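J.: Numbering (the working numbering), first residue to last: 23 to 527.
This is the structure, below, for whatever I ask next.
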Amino acid sequence: MESMRPKRALLSVYYKDKLEPLARQLHAFGVELISTGGTGKQLESWGLPWTAVEKLTGYPEVFGGRVKTLHPVIFGGLLQRRSNPQDLQDAQAHALAPIDLVVVELYPFAETVQQGATAQEIIEKIDIGGVSLIRAAAKNFSDVLVISSTQDADELAEHLKQNTGESSLAFRRSMAARAFQRTAAYDAQIEAWFATGQVLSHRLESQDWQSLRYGENPHQKAFWKGRAADWFEVLSGKPLSFNNLLDLEAGLDLLSDAGENSLMVLKHNVACGFSKAMDGVEAWKEALSGDPVSAFGGVIISGRKITKAMAQAMNEVFFELLAAPDFEQEALEVLKEKKNRILLQLTQQASFPAWKQKQLLGGELWQERDNGIPEDRLVTGRSLSQEETNDLALARLLVKHARSNAIVVVKNQKLIGTGSGHVSRVDAARFALQKAKEFGHELKGAVMASDAFFPFPDCVDLAAEVGISCIWQPGGSVRDQASIDAAEAHNISMVMGGIRHFRHG
Numbered sequence: 023m024e025s026m027r028p029k030r031a032l033l034s035v036y037y038k039d040k041l042e043p044l045a046r047q048l049h050a051f052g053v054e055l056i057s058t059g060g061t062g063k064q065l066e067s068w069g070l071p072w073t074a075v076e077k078l079t080g081y082p083e084v085f086g087g088r089v090k091t092l093h094p095v096i097f098g099g100l101l102q103r104r105s106n107p108q109d110l111q112d113a114q115a116h117a118l119a120p121i122d123l124v125v126v127e128l129y130p131f132a133e134t135v136q137q138g139a140t141a142q143e144i145i146e147k148i149d150i151g152g153v154s155l156i157r158a159a160a161k162n163f164s165d166v167l168v169i170s171s172t173q174d175a176d177e178l179a180e181h182l183k184q185n186t187g188e189s190s191l192a193f194r195r196s197m198a199a200r201a202f203q204r205t206a207a208y209d210a211q212i213e214a215w216f217a218t219g220q221v222l223s224h225r226l227e228s229q230d231w232q233s234l235r236y237g238e239n240p241h242q243k244a245f246w247k248g249r250a251a252d253w254f255e256v257l258s259g260k261p262l263s264f265n266n267l268l269d270l271e272a273g274l275d276l277l278s279d280a281g282e283n284s285l286m287v288l289k290h291n292v293a294c295g296f297s298k299a300m301d302g303v304e305a306w307k308e309a310l311s312g313d314p315v316s317a318f319g320g321v322i323i324s325g326r327k328i329t330k331a332m333a334q335a336m337n338e339v340f341f342e343l344l345a346a347p348d349f350e351q352e353a354l355e356v357l358k359e360k361k362n363r364i365l366l367q368l369t370q371q372a373s374f375p376a377w378k379q380k381q382l383l384g385g386e387l388w389q390e391r392d393n394g395i396p397e398d399r400l401v402t403g404r405s406l407s408q409e410e411t412n413d414l415a416l417a418r419l420l421v422k423h424a425r426s427n428a429i430v431v432v433k434n435q436k437l438i439g440t441g442s443g444h445v446s447r448v449d450a451a452r453f454a455l456q457k458a459k460e461f462g463h464e465l466k467g468a469v470m471a472s473d474a475f476f477p478f479p480d481c482v483d484l485a486a487e488v489g490i491s492c493i494w495q496p497g498g499s500v501r502d503q504a505s506i507d508a509a510e511a512h513n514i515s516m517v518m519g520g521i522r523h524f525r526h527g
């Protein structure tokens, strides 16, 4: 049916603090409230009439509450199709009155694991009846409305208010999709715990499907399942594309490591310009100068507020997207002159999960985020100045966020050369140094970092030819000594960190 006015509602929630306004509204609309013991007592404390599930089923809660609602009277009420003659006949024959609305919240399984509970306590938080109620109601969304979390209580209340107590088919379908999403996420957490003893650190539920402008190429359709509001607010511009989101994540990932004063330009998920200059306009000029050719059509991520002066300088360059924590109003007026330019205000309400996931070969690949902390040690005789030490720390950070094989070159806290995604390390070094030369950067006294060890001293020799003074690499090759000897011969400081930073996409 298109519109449905609920007459009977089953309420059974773990967290009851958001339930009262909805329960009162349902009562005002004449809806009979059916409930389990804990929720029913709460309804009673609010002065609302309710019918106990056990009164309908004729059976009390048993096995310490493990069985409450698993009964044909309940599930027959949910699953009967109101337009199916046989279902109506069966319902009448067995006295199975319809239930039109389910408001259920699942036991907090993941939270219980994270609190360090015992195995038995955790097992008791595996919800059976709640999941069954949600799935039954969602399956029969044509006739039944399901609310699978009290987080949605206000949304339901507003919908009923706007529709004088009725629910639309479109609303019921959207709530059904959300319900299946939550039960799938719930089961994934349980599976993870049984397999590893841990639960997934990132949120799987309460994410929305969003259609994107296109995929990696315009002929490819693309969707994103996530919560944009946790990360950003769209201020203006055309709809986001698949590639925009890839660049945005890469930039925010780097920003989370680099700090709030950072300003970067990204192209194909890799920083081609980066600066931490104190003055905002100077930071932009330095980031742009790193590789002004690659910056064309790129993505800008700023850890600082965008001022009018910064906006005016940026406005001279074509770029796809700019994300920052805040904008001066006058800056927005300047930036919005280009109608398609995407402007995002970062909300800083979310953080990156501890694990990364990727689909491949029909399955899922999981790994921890690269949060390894290097233990730097100087392996050559030449000591580093404070400026070189600072630059080397930045180079090490930037190469961690480039694509393997990767080499980056930094001078005066500015990225001046990047070789990323090359099939050989020496090619990455040649490219990074050549880019720096091409854009007029002084390489003498610059520092270089590599995401992985040098199997041969060829990269050291290339660095020496242009005046690189310091090199960071993780070390770990059986031929480390050859690179160390080459660095000594060229009077280059070499620091080894002991941690590789491969990144393959």
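By construction, the Cβ of each residue, glycine as well, lies at the ideal position given by its N, Cα and C atoms.
These numbers were taken from a predicted model, which means no experiment stands behind them.
At what residue ranges does the region 319-352 contain a whole run of the alpha helix (DSSP H), taking only runs of 4 or more?
T.: Whole alpha helix (DSSP H) segments, 4+ residues: 330-336.
J.: For residue 217 and residue 149, I'd like the C-alpha separation in whole angstroms.
T.: 18 Å
J.: In terms of alpha-carbon separation, which member of 461, 206, 214 lies closest to residue 317?
T.: 461
J.: Which residue comes first and which comes last in the alpha helix (DSSP H) that contains residue 245?
T.: Premise fails: residue 245 lies in the beta strand (DSSP E), 245-248, not in any alpha helix (DSSP H).
J.: From the DSSP secondary-structure annotation, give me the bridge partner or partners of residue 494.
T.: 471, 517
J.: My parser needs the beta strand (DSSP E) runs of 3 or more residues fully inside the region 38-66; what are they?
T.: 54-57
J.: For residue 191, I'd like the list of residues in its chain whose CB is within less than 6 Å of its CB, leaving aside the five on either flank, ordered along the chain.
T.: 24
J.: Label residue 340 either buried or exposed according to how many other C-beta atoms from any shown protein chain fall within 10 Å of its C-beta, with 16 as the threshold for buried.
T.: exposed
J.: Tell me whether residue 369 sits in a helix, a strand or coil according to DSSP, three-state version.
T.: coil
J.: In angstroms with no decimal places, state the Cα-to-Cα distance between residue 402 and residue 376.
T.: When only Cα atoms are considered, residue 402 and residue 376 end up about 35 Å apart.
J.: Indicate whether residue 471 and residue 414 have their beta-carbon atoms separated by less than 8 Å.
T.: In this structure, residue 471 lies near residue 414, with their beta-carbon atoms less than 8 Å apart.
J.: Applying the 10 Å Cβ sphere with the 16-neighbour rule, what's the burial state of residue 269?
T.: buried
J.: Kindly indicate the opening and closing residues of the beta strand (DSSP E) around residue 295.
T.: 292-297
J.: Measure how close the beta-carbons of residue 478 and residue 504 come, nearest whole angstrom, since I'm counting them as under 8 Å.
T.: Confirmed, about 7 Å.
J.: Among residues of its own chain, excluding the 5 on either side of residue 72, which ones have a beta-carbon nearer than 6 Å to its beta-carbon?
T.: Cβ neighbours of residue 72 beyond the five flanking positions: 55, 57, 62, 65.
J.: DSSP beta-bridge partners for residue 254?
T.: Bridge partners of residue 254: 368.
J.: Along the beta strand (DSSP E) that carries residue 197, what are the first and last residues, could you check?
T.: Taken as a continuous stretch (DSSP letters only), residue 197 belongs to no beta strand (DSSP E), being part of the alpha helix (DSSP H) at 191-218.
J.: So, under 8 Å CB-CB, residue 416 and residue 389 are touching, yes? Tell me the CB distance rounded to an integer number of Å.
T.: Wrong, their Cβ atoms sit about 25 Å apart, outside the cutoff.
J.: Roughly how many angstroms lie between the CA atoms of residue 394 and residue 489, to the nearest whole one?
T.: 30 Å
J.: Can at least three beta-carbon pairs, one atom from the region 170-182 and one from the region 123-136, be found at a separation below 8 Å?
T.: yes
J.: Could you tell me the boundaries of the beta strand (DSSP E) in which residue 287 lies?
T.: Counting along the chain, the unbroken beta strand (DSSP E) around residue 287 starts and ends at 285-289.
J.: Do the region 157-169 and the region 95-104 meet, that is, are 3 or more Cβ pairs less than 8 Å apart?
T.: yes
J.: In whole angstroms, what separates the C-alpha of residue 44 from that of residue 151?
T.: 22 Å
J.: Hey, would you say residue 215 sits closer than 8 Å to residue 234, going by beta carbons?
T.: no
J.: Below 6 Å CB to CB, which residues in the same chain sit around residue 98 once its five sequence neighbours on both sides are set aside?
T.: 118
J.: Roughly how many whole angstroms lie between the Cα atoms of residue 145 and residue 135?
T.: If I take the Cα positions, the gap works out to 10 Å.
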